[in-house]
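Number of protein chains: 2
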Amino acid sequence: MTKYQLAPMFFALSDPTRFAVVERLCRGGASVSELQRPFKMATPTFLRHLQILEEAGLVHSEKNGRVRTVALRGKSLVAVEKWAAHLRREAEARLDRLEDYIKTKED
Amino acid sequence: MTKYQLAPMFFALSDPTRFAVVERLCRGGASVSELQRPFKMATPTFLRHLQILEEAGLVHSEKNGRVRTVALRGKSLVAVEKWAAHLRREAEARLDRLEDYIKTKED
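What follows is the structure, encoded as structure tokens:
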């Protein structure tokens with residue numbers, strides 16, 4: 001997964017409703033009405049949030065009869081994790097090199 | 001760091017300019033003009049992007065004379081990484097339990 005696909009994920013996660021839905025889904029899939037229950041918002045507004053999450057690749061949904069079930073795409077979170085870890089490691093390596101350099105000067 | 005502080009970080013990272021600035025900064029701090037160079041945009045627009053990054057806690061900046069230097073806050077990326085890892089682990093643990101349950105049924 002390239003960095004270009006991370007931007008829609010970050011946008012999707014920047015909203016408190018969508019963030020809460022993602023956290024709820026890590027405990028297992030749920031129907032749309034089950035997911036909507038804790039939120040005081042109109043169904044079309046809530047469905048729009050789910051659409052943004054689905055377009056970002058964070059969740060996928062499936063319709064069985066009249067019930068739509070939503071589940072987390074675990075791999076998308078792995079992409080976020082890997083990206084943050086990669087940047088952190090690069091930044092740490094740079095600090096280590098700086099420390100080594102300072103030590104050389106002190107000797 | 002609580003989950004409430006993650007939302008502004010995710011919003012800050014959802015823009016391609018700001019995302020690129022964060023990736024650039026993991027290779028070391030830079031002056032504002034150095035950071036702005038690759039982008040074809042007016043200075044006030046670019047400064048607004050930096051402000052969003054700074055308010056989200058992803059970067060910090062310091063003015064020395066006439067030059068403002070920007071650097072990454074490594075800890076903020078650790079927060080993103082930990083959050084994604086935590087959710088992934090929860091989702092994986094749930095899958096493991098499901099697998100165990102299926103095996104019990106098969107025995």
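If you read the sequences in order, they're chains A and B.
Residues in the first sequence are numbered from 1 upward in steps of one, following UniProt numbering.
Residues in the second sequence are numbered from 1 upward in steps of one, following UniProt numbering.
Positions of the beta carbon are idealized from the N, C-alpha and C atoms, including for glycine.
- [ ] Please confirm if phenylalanine 46(B) has its CB atom under 8 Å from at least one CB of chain A.
- [x] Residue mapping note: residue 46(B) aligns to position 46 of the second sequence, counting from 1. No, because no Cβ of chain A sits closer than 8 Å to the Cβ of phenylalanine 46(B).
Task: Contact set for alanine 56(A): own chain, Cβ-Cβ below 6 Å, skip 5 residues either direction - done: Residue mapping note: residue 56(A) aligns to position 56 of the first sequence, counting from 1. Excluding positions up to five away in sequence, the list reads Pro8, Met9, Ala12.
Open item on the list: Under 8 Å, Cβ to Cβ, is there at least one residue of chain A near leucine 58(B)?
Closed with: Start at 1 with the first residue of the second sequence, and residue 58(B) comes out as number 58. Not one chain A Cβ lies under 8 Å of leucine 58(B).
Open item on the list: Here's a check: name, in chain order, each residue in its chain whose Cβ is nearer than 6 Å to the Cβ of glutamate 23(B), leaving out the five neighbours to either side.
Closed with: As a working note, residue 23(B) is residue 23 in the second sequence. Cβ within range, chain order: n/a, list empty.
Open item on the list: Considering only their Cβ atoms, is the gap separating leucine 87(A) from cysteine 26(B) smaller than 8 Å?
Closed with: Within the second sequence, the letter at position 26 stands for residue 26(B). Within the first sequence, the letter at position 87 stands for residue 87(A). It is a contact, given that the beta carbons lie within the stated cut-off.
Open item on the list: Looking at the secondary structure, which residues open and close the beta strand (DSSP E) in which alanine 71(B) lies?
Closed with: Along the second sequence, one-based indexing puts residue 71(B) at 71. Where alanine 71(B) is concerned, the enclosing beta strand (DSSP E) stretches over 67-72.
Open item on the list: Does the distance between the C-beta of glutamine 5(A) and the nearest non-hydrogen atom of the ligand MG fall short of 7 Å?
Closed with: Of ligands this structure carries none, so the ligand MG is not represented either.
Task: Residues near serine 61(A) in its chain [Cβ-Cβ closer than 8 Å; skip 5 each side] - done: If you number the first sequence from 1, residue 61(A) lands on position 61. Counting only residues of its own chain and dropping the five nearest sequence neighbours on each side, serine 61(A) has a CB closer than 8 Å to the CB of Val32, Leu50, Glu54, Arg68, Thr69, Val70, Ala71.
Task: Between the CA atoms of valine 21(B) and glutamate 34(B) - distance to the nearest angstrom - done: One-based indexing of the second sequence puts residue 34(B) at position 34. One-based indexing of the second sequence puts residue 21(B) at position 21. Just so you know, the alpha carbons of glutamate 34(B) and valine 21(B) end up roughly 10 Å apart.
Open item on the list: I want to verify the contact list: residues of chain A whose CB lies under 7 Å from the CB of glutamate 81(B), in sequence order.
Closed with: Locating residue 81(B) in the second sequence gives position 81, where the first residue counts as 1. Glu81, Ala84, Ala85, Arg88, listed in chain order.
Open item on the list: Quick check on proline 38(A) - is its C-beta less than 8 Å from some C-beta in chain B?
Closed with: Taking the first sequence and counting its residues from 1, one reaches residue 38(A) at position 38. Not one chain B Cβ lies under 8 Å of proline 38(A).
Task: Own chain partners of arginine 73(B) with C-beta closer than 7 Å, once the 5 adjacent residues on each side are dropped - done: Start at 1 with the first residue of the second sequence, and residue 73(B) comes out as number 73. Answer for arginine 73(B): Gly57, Leu58, Val59, His60, listed in chain order.
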